[in-house]
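Trainee: Take numbering that gives the first Met the number 0: the final residue in the sequence shown is number 575, and no numbers are missing along the way. Structure provided below as structure tokens; questions to follow.
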Amino acid sequence: MGNVYYVNKTLGLCLLVAAAAALTTIIALSVAYNNEKSKNRGTGAASTASTSTPPVTSFTPKDPWDYYRLPSSLLPLSYNVMLWPRLEPDADGMYIFTGHSVVIFTCLKNTDLVIIHSTKLNLTTFSEHHAKLTGLNGASPPAIERSWFVDRTEYLVLQLRGQLSVGASYALYTEFRGELADDLQGFYRSEYTEDGVKKVIATSQMQATYARKAFPCFDEPAMKAVFNVTIIHDRSTVALSNSRDTGQKDSVMEGLPVRVTTFEPTETMSTYLLAFIVTDFIEVESKKHNLLVRIWARRKAIEDRQGDYALNVTGRILQFYEQYYNAKYPLPKSDQIALPDFHAGAMENWGLITYRETALLYDPIISSTGNKERVVTVIAHELAHMWFGNLVTLKWWNDLWLNEGFASYVEYLGADYAEPSWNIKDLIVLYDVHSVFAVDALASSHPLTRQEEEVSDPAQISEMFNTISYKKGAAVLRMLSGFLTESVFTKGLSSYLNTFAFKNTVYTNLWDHLQQAAENTAGLNIPHTVHDIMNRWTLQMGFPVVTIDTSTGRITQKHFLLDPESAVGKAFSVQL
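Encoded structure:
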């Protein structure tokens with residue numbers, strides 16, 4: 000007979016309550032698990048509800064303007080963009096901006112079409128057409144037959160009466176008017192209140208597909224060009240953009256006293272990295288080694304020295320990255336601005352990084368150490384992009400994980416250099432590796448890299464900005480650096496950046512340079528090529544559980560999912 004135990008009445012009631020609580024927890028977890036299971040499998044209540052939804056008629060593209068990807072027939076070389084944001088509402092109560100743009104492009108393939116992105120812009124017509132087309136260097140352009148907009152793919156289409164000449168260059172001129180809306184996209188309006196007075200800022204967020212909302216452009220990351228920017232603004236404000244300003248000129252336009260600020264031509268860059276800001280903010284700055292660093296924010300924030308910490312760590316982080324990448328910072332200035340109204344945590348616009356106030360400003364009197372840690376890591380993340388993402392840019396959004404995963408990995412290294420006593424680089428295990436396990440263990444997870452055709456429209460592109468791209472990308476690159484060793488990893492990285500500076504790449508280009516670095520390092524022996532090892536981690540979802548039988552020495556692996564019934568026989572290359 001088993002042993003018999005007796006408890007008093009009070010203890011018995013406590014145990015009963017604890018048992019009931021445990022049972023409730025188990026039931027709740029079971030319900031949550033089954034809901035997740037049903038969601039991943041597409042069965043149960045979800046499928047029952049879907050029976051009442053009318054079937055969606057699929058759209059079959061037929062013409063070039065039906066496709067979300069631009070044709071490969073034209074290549075932009077440069078833009079001249081003028082913008083004039085109005086920071087006061089018009090007679091209808093709307094905030095607007097006006098502007099004009101000239102894009103110079105070359106013809107790579109025979110075509111009688113000019114297809115360029117444009118959305119939510121009212122374009123001026125010239126002889127009933129929405130643009131003017133001229134030839135350069137003696138080229139004779141065909142006349143425009145007709146022009147129209149395609150809302151679905153966000154295009155302006157020009158049908159020409161003849162073919163453009165391969166190898167010839169042309170200039171496309173447009174004039175436009177748009178709403179300076181408060182929708183946090185494209186060229187938009189940000190508002191805040193200071194001392195009881197409403198203030199308005201004109202600012203921008205072009206990533207991923209919103210530059211087309213500011214001016215007509217070839218709005219894809221591989222369509223790099225040089226941008227010449229001019230901004231007209233109120234004389235009491237300052238205008239900022241990616242490059243240094245070359246001067247201001249006061250003028251009167253439409254009866255208003257304005258200031259015209261022109262900027263140096265940018266480096267060759269993608270449209271999603273453009274930035275335009277008009278504000279009454281002030282700055283704190285420093286200049287070392289001919290590099291101008293400025294932190295912009297509300298006047299009170301700067302006067303309260305909330306930008307000092309960001310200014311101090313920016314120089315140290317840039318110095319670290321120049322050593323880490325073995326490449327100088329590509330620009331002559333680094334502006335960083337704290338916006339009161341900003342959707343993302345920060346955005347790596349080349350030379351003009353935008354932040355939420357909480358990600359850039361640190362109040363030495365009231366802010367916590369946690370706030371300070373956030374500021375230094377976010378700054379390190381965005382500055383990492385100045386090379387990886389901006390200097391060398393992904394060809395298409397299906398490889399977004401390489402941009403964001405890399406910055407999410409090296410942000411810990413940059414922050415650790417700026418604050419060496421904090422041991423920040425160890426936090427990647429807690430903040431990224433462990434947290435992404437929970438997401439990647441779901442059947443709804445996805446591979447780091449997808450096929451280009453799987454990521455085409457703006458909604459699919461937006462879906463790529465997720466935990467897998469950022470955190471799993473960081474974890475996988477940390478693993479890669481670990482088994483190659485950091486010195487080999489940085490050697491291959493430096494070769495990659497110098498080879499593809501101002502160009503676009505796919506992720507396999509990085510594998511090629513890391514493989515070359517590994518082969519040129521004596522004493523380093525890896526069991527397979529970098530391609531073979533890393534493709535198993537990037538082209539399939541999930542991660543393995545590795546089991547070591549201590550009695551036999553046998554090592555096995557199994558794809559781990561929270562729903563074991565969904566697991567398939569995936570194999571990963573695990574370095575032991």
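Don't be surprised by glycine CBs; every beta carbon is placed ideally from N, CA and C.
(1) Taking 8 Å as the limit between beta carbons, can you name the residues of its chain near Asn422, skipping five residues before and five after?
(2) Extract the residue ranges of the alpha helix (DSSP H) inside the segment 438 to 513, only unbroken runs of 4 or more that lie entirely within it.
(3) Compare the beta carbon distance of Ala207 and Ser468 with 8 Å and say whether it is the shorter of the two.
(4) Which residues mark the beginning and the end of the beta strand (DSSP E) in which Val156 is found?
(5) In the DSSP assignment, what are the bridge partners of Leu132?
(6) By Cβ distance, which residues of its chain are closer than 8 Å to Asn109, with the 5 residues on each side in sequence left out?
(7) Shortest alpha-carbon distance to Ala358 belongs to which of Lys371, Thr59, Asp456 and Thr192?
(8) Starting from the C-beta of Asn311, find all residues in its chain whose C-beta is less than 6 Å away, skip the five residues before and the five after it, and write them out in chain order.
(9) Per DSSP, what kind of secondary structure is Gly413 in: helix, strand or coil?
(10) Would you kindly work out how many angstroms separate the C-alpha atoms of Thr245 and Glu266, rounded to a whole number?
(11) Work out the CA separation of Arg211 and Glu302 for me, nearest whole Å.
(12) Where do the ends of the beta strand (DSSP E) carrying Thr546 lie?
(13) Alpha carbon to alpha carbon, how far is Glu174 from Pro331?
(14) Confirm, please, whether the CB-CB distance from Tyr320 to Val391 is below 8 Å.
(15) Measure the Cβ-Cβ separation of Ala406 and His384 and say whether it is below 8 Å.
(16) Can you tell me where the beta strand (DSSP E) with Asn121 in it begins and where it stops?
(17) In whole angstroms, what is the alpha-carbon distance linking Asp150 and Asn241?
(18) If you pair each beta-carbon of the segment 291 to 307 with each one of the segment 224 to 234, do three or more pairs fall below 8 Å?
(19) Whether or not the segment 396 to 411 and the segment 445 to 462 are in contact is what I'm after, with contact meaning three or more pairs of Cβ atoms, one per stretch, closer than 8 Å; do they touch?
(20) Can you grab the Cα-Cα spacing for the pair Asp562 / Ala440, in whole Å?
(21) Distance, Cα to Cα, Arg304 vs Thr123?
(22) In terms of alpha-carbon separation, which member of His527, Thr504 and Thr537 lies closest to Gln514?
(23) On a Cα-Cα basis, can you pick out the residue from Leu132, Thr537 and Pro84 that is closest to Phe275?
(24) Would you call the CB atoms of Leu338 and Ser189 closer than 8 Å?
(25) Tell me whether Met252 is buried or exposed, calling it buried when 16 or more other Cβ atoms sit within 10 Å of its Cβ.
(26) Report the partner residues of Trp147 according to the DSSP bridge assignment.
(27) Helix, strand or coil: how does DSSP classify Val527 here?
(28) Count the other CB atoms within 10 Å of the CB of Leu273; is the residue buried (16 or more) or exposed (fewer)?
(29) Under three-state DSSP, which class holds Lys371?
(30) State the DSSP-derived secondary structure class of Lys299, mapped to helix, strand or coil.
Mentor: If we stick to the structure as given:
(1) Here residue 422 corresponds to residue number 423 of the sequence shown, with the count starting at 1. Hits under 8 Å: Asp415.
(2) 457 to 462, 472 to 483 and 485 to 498
(3) Numbered from its first residue, the sequence shown carries residue 207 at position 208. Numbered from its first residue, the sequence shown carries residue 468 at position 469. In this structure, Ser468 does not lie closer than 8 Å to Ala207 by Cβ.
(4) Residue numbering aside, residue 156 sits at position 157 when the sequence shown is read from its first letter. Element bounds for Val156: Tyr154 to Leu159.
(5) Taking the first residue of the sequence shown as 1, we reach residue 132 at position 133. Note: Leu132 sits in a beta bridge opposite Leu171.
(6) Here residue 109 refers to the residue found at position 110 when the sequence shown is read from its first residue. Cβ within range, chain order: Ser72, Gln162, Leu163 and Val165.
(7) Here residue 358 refers to the residue found at position 359 when the sequence shown is read from its first residue. Comparing Cα-Cα distances from Ala358 to each of Lys371, Thr59, Asp456 and Thr192, the minimum goes to Lys371.
(8) Sequence index remark: in the sequence shown, residue 311 carries index 312 (1-based). Result list for Asn311: empty, nothing under 6 Å.
(9) Within the sequence shown, the letter at position 414 stands for residue 413. The answer is helix: DSSP assigns Gly413 an H, G or I state.
(10) Position 246 of the sequence shown holds residue 245. Position 267 of the sequence shown holds residue 266. Each residue's Cα considered, the two are about 15 Å apart.
(11) As a first step, residue 302 is located in the sequence shown; it is residue number 303 there, counting from the start. As a first step, residue 211 is located in the sequence shown; it is residue number 212 there, counting from the start. If you take the alpha carbons of Glu302 and Arg211, they lie about 37 Å apart.
(12) Mapped onto the sequence shown, residue 546 falls at position 547. Looking at the DSSP string, the run of the beta strand (DSSP E) that includes Thr546 is Pro543 to Ile547.
(13) Locating residue 174 in the sequence shown gives position 175, counting from the first residue. Locating residue 331 in the sequence shown gives position 332, counting from the first residue. Their backbone Cα atoms lie some 31 Å apart in a straight line.
(14) On the sequence shown, residue 391 is found 392 positions in, with the first residue counted as 1. On the sequence shown, residue 320 is found 321 positions in, with the first residue counted as 1. Not closer than 8 Å, so no.
(15) Your numbering for residue 406 matches position 407 in the sequence shown. Your numbering for residue 384 matches position 385 in the sequence shown. Closer than 8 Å, so yes.
(16) In the sequence shown, residue 121 corresponds to position 122, counting from 1. First-last of the beta strand (DSSP E) with Asn121: Leu120 to Leu122.
(17) For the purposes of this step, residue 150 is taken as the residue at position 151 of the sequence shown. For the purposes of this step, residue 241 is taken as the residue at position 242 of the sequence shown. Going from the Cα of Asp150 to the Cα of Asn241 covers about 29 Å.
(18) Contact annotation: the segment 291 to 307 does not touch the segment 224 to 234, with fewer than three C-beta pairs closer than 8 Å.
(19) Yes: the two stretches touch, three or more of their Cβ pairs being nearer than 8 Å.
(20) Against the sequence shown, residue 562 aligns to sequence position 563. Against the sequence shown, residue 440 aligns to sequence position 441. If you draw a straight line from the Cα of Asp562 to the Cα of Ala440, it is about 8 Å long.
(21) The sequence position of residue 304 within the sequence shown is 305, counting from 1. The sequence position of residue 123 within the sequence shown is 124, counting from 1. Their backbone Cα atoms lie some 46 Å apart in a straight line.
(22) Sequence index remark: in the sequence shown, residue 514 carries index 515 (1-based). Minimum Cα distance to Gln514 is reached at His527.
(23) Counting from 1 along the sequence shown, the entry for residue 275 is found at position 276. When only C-alpha atoms are compared, the closest one is Pro84.
(24) Residue 338 sits at position 339 when you count from the first residue of the sequence shown. Residue 189 sits at position 190 when you count from the first residue of the sequence shown. Their beta carbons are under 8 Å apart, which means Leu338 touches Ser189 by this criterion.
(25) Here residue 252 is taken as the residue at index 253 of the sequence shown, counted from 1. With fewer than 16 other Cβ atoms within 10 Å, it is exposed.
(26) In the sequence shown, the residue the question calls residue 147 occupies position 148. Its beta-bridge partners are Val156.
(27) Numbered from its first residue, the sequence shown carries residue 527 at position 528. The sequence as given places His at residue 527; Val does not occur at that position. Three-state DSSP puts His527 in coil, outside helix and strand.
(28) Counting from one through the sequence shown, the residue named residue 273 turns up at place 274. Result: buried.
(29) Walking along the sequence shown from the start, residue 371 turns up at place 372. Lys371 falls in the helix class under three-state DSSP.
(30) Position 300 of the sequence shown holds residue 299. Looking at Lys299 - three-state DSSP - the assignment turns out to be helix.
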